[in-house]
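J.: For the sequence shown, my numbering assigns the number -19 to the initial residue and increments by one for each residue that follows.
Even glycine gets a Cβ: it sits at the ideal position worked out from N, Cα and C.
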Amino acid sequence: MPKKPAKYGIKFWVACCSKSSYEWNMQIYTGKPSSGTREKNQGMRVVLDMVKGLKGHNVTCDNVFISYALGVELKKKSYKQ
């Protein structure tokens, strides 16, 4: 697509408190690994990494990160959806 912007830059994934906007956890994503293979279940991995150490909190995600398997995993770990 000629009008689509180039995909360059850095992505920040941040878990924040919805009331105070205080940052709980953050990851920087700079692109595919140097091996060149795509990571499978990246969204699930990111969310589970972000919520480590939290118990009994509500977790709200963008649709990029949501999957049935993630919901099952969060329920096992006592998170609310």
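Quick one: measure Cβ to Cβ for Ser58 and Lys35, integer angstroms, because I've assumed they're closer than 8 Å.
T.: Against the sequence shown, residue 58 aligns to sequence position 78. Against the sequence shown, residue 35 aligns to sequence position 55. Correct: roughly 6 Å between the Cβ atoms.
J.: What first and last residue would you give for the beta strand (DSSP E) that runs through Val(-6)?
T.: Looking up residue -6 in the sequence shown gives position 14. Lys(-9) to Cys(-4) is the extent of the beta strand (DSSP E) around Val(-6).
J.: In chain order, what residues of the same chain lie with their CB nearer than 6 Å to the CB of Cys(-4), ignoring the 5 residues before and after it?
T.: On the sequence shown, residue -4 is found 16 positions in, with the first residue counted as 1. Correct list, in chain order: Glu3.
J.: Return helix, strand or coil for Tyr(-12), following the three-state DSSP convention.
T.: The residue given as residue -12 occupies position 8 in the sequence shown. It is coil, neither helix nor strand.
J.: For my contact list, Val44 and Gly23 are in at a C-beta cut-off of 8 Å; report their separation, rounded to the angstrom.
T.: Numbered from 1 along the sequence shown, position 64 holds the residue referred to as residue 44. Numbered from 1 along the sequence shown, position 43 holds the residue referred to as residue 23. Confirmed, about 6 Å.
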